[in-house]
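Colleague: The working numbering puts the last residue of the sequence shown at 623; the count rises by one with no breaks.
In this text, a Cβ means the ideal position worked out from N, Cα and C, and glycines have one as well.
Here it is, the structure, as C-alpha cells.
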Amino acid sequence: MKKDISAYGLGATLYMPATRRDIVDTIVTGKIAELRSLVICLEDAVTEQDLPDAMENLKGMLVALSKSKLRHKSVDWPLIFIRPRNAQIGQLVVEEYDLSAVDGFVLPKFTLASLADWSAILAKTHFHWMPTLETEDVFDVNSMQELAASLETHECRGKIIALRIGGNDLMNCVSLRRSREFTLYDGPMGYVIKMLVAIFGSKGFALTAPVCEHIDDHSLLEKELALDLAHGLVGKTAIHPNQIGLIQKALMVSSLDHEDALRIMNSSKAVFKAGGAMCEPATHRRWAKSILDRVHYFGVTQAPSPAAASPTMQVHHR
C-alpha cells in the first residue's frame, strides 16, 4: 500500500529515542492508537555514550521492520522517519542500513550551510525531508529569507513535506526554558513562529509546531494547539502517547469552517456573506484548501445546538 505523504497526514508526530527496545512492536502491532507518524531519534534524545548502542539498536529495528513489511504488505503503519545526529551519521545510515521500511529523514540543526551536505546524502534516494529549524540563525530574518529562497528553487523542494520548528533548541539559544504557566507564544518563540510562517508559509512550505514538554498539563497543550492553528501550523511534535489524541482532536475542523471552505471553493461570486462573515474566494481560497485538507485527515466537529444539555462530537470523514 502506497502511503499518502502529506503535511496534514503527519498529525501528532511522536519522537522516540533510538535506544528504546519497543519501537518495532509499537509500529507492527499498532499499540499506540491514532499514531500517524513517528521519528526514531539519534540526536538530542540520545546521549553521546549511548550513541553506539542506539545505532546498533536502530540497525536491528530496521531489519525487523523490513521483514515484517514484506510479510504484511497491506499493513497500515504510521509514517516512519529517522532523525540522524548529524550529516555524517546520516550518510552512514543511508549507505549501510536497511531503509526499506522508512519514509524519510528529519534533518537536525538545518541551515543553508548544511543544505549541500544533506542534498548529496539524500539526492539519489526516495526519502522525504523534514528539515528542523533550531539554530541561532533562525532568529535572523535575513538568514531565513535566504534559506527559504534557496529551498524554493532547490531540487529537493518536492521532497520536503514540512519544516519542523525546534522550540526547545531555539529557547536554549536565548537561555530560556518554556514556562509551566504560559504557552510558547507568550515568550520569544511567539515572534519566531510568526516570522517563520510569514517567510516560509508565503512560499508554500508547511511548518509543524514545537513540542509542549509539560506532558501532563493538557490544559496548557490545548491552549497552545489553538494558537498553533491560528498561526497556520499543520501538526505538532509529541513526546508522549497521551498527547496524540489531544493534538489530533484539535486538528479537526469546525462545521462552520468546513461549510465556509466548501462555499469558497465552489462559489461563482466574488464576495458573499456566510455565517456572519465576509467570504472572498480570491483571497480565501488557499485557506479553504487547507481546511479541506484537514477535513480529509481529521474530520469535522459538529457544533452542538445551543439548547443541548450535554454537547457531543460527531466526526465525518470525506
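Would you give the residue range spanned by the alpha helix (DSSP H) that LEU526 belongs to?
Modeller: Residue numbering aside, residue 526 sits at position 221 when the sequence shown is read from its first letter. Here the alpha helix (DSSP H) through LEU526 covers 523 to 535.
Colleague: Go through its chain and collect everything with a Cβ distance to TYR313's Cβ below 6 Å, but skip five positions before and after it.
Modeller: Numbered from 1 along the sequence shown, position 8 holds the residue referred to as residue 313. Counting only residues of its own chain and dropping the five nearest sequence neighbours on each side, TYR313 has a CB closer than 6 Å to the CB of VAL539, ASP598, ARG599 and TYR602.
Colleague: Measuring CB to CB, does SER595 end up less than 8 Å from PRO586?
Modeller: Counting from 1 along the sequence shown, the entry for residue 595 is found at position 290. Counting from 1 along the sequence shown, the entry for residue 586 is found at position 281. No, these two residues do not count as a Cβ contact at 8 Å.
Colleague: In this structure, does DSSP put LYS554 in helix, strand or coil?
Modeller: Here residue 554 is taken as the residue at index 249 of the sequence shown, counted from 1. Helix.
Colleague: Roughly how many whole angstroms lie between the Cα atoms of ALA392 and LYS336?
Modeller: What you label residue 392 is simply residue 87 of the sequence shown in a count that begins at 1. What you label residue 336 is simply residue 31 of the sequence shown in a count that begins at 1. So the two alpha carbons sit approximately 32 Å from each other.
Colleague: Closest to LEU412 by CA distance: which of ARG590, GLU439 and GLU361 is it?
Modeller: One-based indexing of the sequence shown puts residue 412 at position 107. Of the listed residues, the one whose Cα sits closest to LEU412 is GLU439.
Colleague: How many whole angstroms separate the CB atoms of THR437 and GLY492, which I take to be in contact at a CB cut-off of 8 Å?
Modeller: The residue labelled residue 437 in the question sits at position 132 within the sequence shown. The residue labelled residue 492 in the question sits at position 187 within the sequence shown. Between GLY492 and THR437 the Cβ distance is about 19 Å, and since that is not below 8 Å, they are no contact.
Colleague: If you compare alpha carbons, which of ILE426, GLU564, ILE465 and CYS478 is closest to ASP442?
Modeller: As a working mapping, residue 442 is identified with position 137 in the sequence shown. Of ILE426, GLU564, ILE465 and CYS478, the residue nearest in Cα terms is CYS478.
Colleague: Quickly, what does DSSP pair PHE415 with across the bridge? List them, please.
Modeller: Stepping through the sequence shown from its first residue, residue 415 is reached at position 110. PHE415 pairs with nothing; no bridge assigned.
Colleague: In its own chain, which residues sit with a C-beta less than 8 Å from the C-beta of ARG485, not counting the 5 before and 5 after it?
Modeller: Along the sequence shown, read from residue 1 onward, the residue named residue 485 stands at position 180. So the list reads HIS519, ASP522 and LEU525, once near-sequence residues are dropped.
Colleague: Evaluate contact between the region 459 to 467 and the region 498 to 507, counting only Cβ atoms and requiring at least three cross-stretch pairs below 8 Å.
Modeller: no
Colleague: Under 6 Å Cβ to Cβ from ALA555, same chain only, skipping five residues before and after it: list those, please.
Modeller: The residue labelled residue 555 in the question sits at position 250 within the sequence shown. These residues qualify, in order along the chain: LEU530.
Colleague: Please give the ranges of any beta strand (DSSP E) in the region 307 to 368, keeping only runs that are unbroken, at least 3 residues long and fully inside the region.
Modeller: Correct list: 317 to 322 and 342 to 346.
Colleague: Rank LEU420, LEU427, LYS429 and LEU475 by C-alpha distance to the C-alpha of ASP445 and give the top, closest one.
Modeller: Within the sequence shown, residue 445 is the residue found at index 140, counting from 1. Closest by alpha carbon: LEU475.
Colleague: Could you name the residues that DSSP lists as bridge partners for VAL605?
Modeller: Counting from 1 along the sequence shown, the entry for residue 605 is found at position 300. By DSSP's assignment, VAL605 forms a beta bridge with VAL558.
Colleague: Closer than 8 Å by C-beta to ASP355: which residues in its own chain qualify, once you throw out the five before and the five after it? Chain order, please.
Modeller: Stepping through the sequence shown from its first residue, residue 355 is reached at position 50. Closer than 8 Å at the Cβ level, and outside the excluded window around ASP355, lie THR324.
Colleague: Since ALA454 is in the alpha helix (DSSP H), which residue starts that stretch and which ends it?
Modeller: Taking the first residue of the sequence shown as 1, we reach residue 454 at position 149. Residues 446 to 458.
Colleague: Suppose you measure from the CA of THR542 to the CA of GLU353; what does that come to, to the nearest Å?
Modeller: Here residue 542 refers to the residue found at position 237 of the sequence shown. Here residue 353 refers to the residue found at position 48 of the sequence shown. If you take the alpha carbons of THR542 and GLU353, they lie about 23 Å apart.
Colleague: Between the alpha carbons of ALA579 and ARG590, how many angstroms are there, rounded?
Modeller: Translated into the one-based positions of the sequence shown, residue 579 becomes position 274. Translated into the one-based positions of the sequence shown, residue 590 becomes position 285. Near 15 Å, if we compare the C-alpha coordinates of ARG590 and ALA579.
Colleague: Does TYR320 pass the burial test, meaning 16 or more other C-beta atoms within 10 Å, or should it be called exposed?
Modeller: Taking the sequence shown and counting its residues from 1, one reaches residue 320 at position 15. Buried, because 16 or more other Cβ atoms sit within 10 Å of the Cβ of TYR320.
Colleague: Can you list, in chain order, the residues of its chain with a C-beta nearer than 7 Å to that of VAL329? Leave out the 5 residues immediately preceding and following it.
Modeller: Taking the first residue of the sequence shown as position 1, residue 329 is located at position 24. Its chain contains MET366, ALA369 and LEU370 as the residues whose beta carbon lies nearer than 7 Å to that of VAL329, once the 5 sequence neighbours on both sides are disregarded; these appear in chain order.
Colleague: Below 8 Å between beta carbons: does that hold for VAL399 and ILE426?
Modeller: Residue 399 sits at position 94 when you count from the first residue of the sequence shown. Residue 426 sits at position 121 when you count from the first residue of the sequence shown. Going by C-beta atoms, VAL399 is nearer than 8 Å to ILE426.
Colleague: Pull up the distance between the alpha-carbon of ILE332 and that of HIS433, whole angstroms please.
Modeller: Walking along the sequence shown from the start, residue 332 turns up at place 27. Walking along the sequence shown from the start, residue 433 turns up at place 128. Distance between the alpha carbons of ILE332 and HIS433: 19 Å.
Colleague: Does DSSP classify ARG569 as helix, strand or coil?
Modeller: To locate residue 569, count along the sequence shown from 1; it is residue 264. The question names Arg, yet the displayed sequence has Ile at residue 569. Note: ILE569 maps to helix in three-state DSSP.
Colleague: Could you tell me the distance, in whole angstroms, from the CA atom of GLY604 to the CA atom of GLN553?
Modeller: Locating residue 604 in the sequence shown gives position 299, counting from the first residue. Locating residue 553 in the sequence shown gives position 248, counting from the first residue. If you take the alpha carbons of GLY604 and GLN553, they lie about 10 Å apart.
Colleague: Considering only the beta carbon of each residue, do ALA467 and MET494 sit closer than 8 Å?
Modeller: Taking the first residue of the sequence shown as 1, we reach residue 467 at position 162. Taking the first residue of the sequence shown as 1, we reach residue 494 at position 189. No, these two residues do not count as a Cβ contact at 8 Å.
Colleague: Taking all protein chains shown into account, decide if ASN547 is buried (16 or more other Cβ within 10 angstroms of its Cβ) or exposed.
Modeller: Taking the sequence shown and counting its residues from 1, one reaches residue 547 at position 242. The residue in question, ASN547, is exposed, as its Cβ has fewer than 16 Cβ neighbours within 10 Å.
Colleague: If you draw a straight line from the alpha carbon of ILE310 to that of ALA317, how long is it in whole angstroms?
Modeller: Within the sequence shown, residue 310 is the residue found at index 5, counting from 1. Within the sequence shown, residue 317 is the residue found at index 12, counting from 1. Roughly 14 Å separates the two Cα atoms.
Colleague: Around the Cβ of LYS508, are there at least 16 other Cβ atoms within 10 angstroms (buried) or fewer (exposed)?
Modeller: Walking along the sequence shown from the start, residue 508 turns up at place 203. Looking at its Cβ environment, which holds fewer than 16 other Cβ atoms inside 10 Å, LYS508 is exposed.
Colleague: Rounded to whole angstroms, what is the Cα-Cα separation between LEU452 and ALA514?
Modeller: Working through the sequence shown from its first residue, we reach residue 452 at position 147. Working through the sequence shown from its first residue, we reach residue 514 at position 209. Going from the Cα of LEU452 to the Cα of ALA514 covers about 19 Å.
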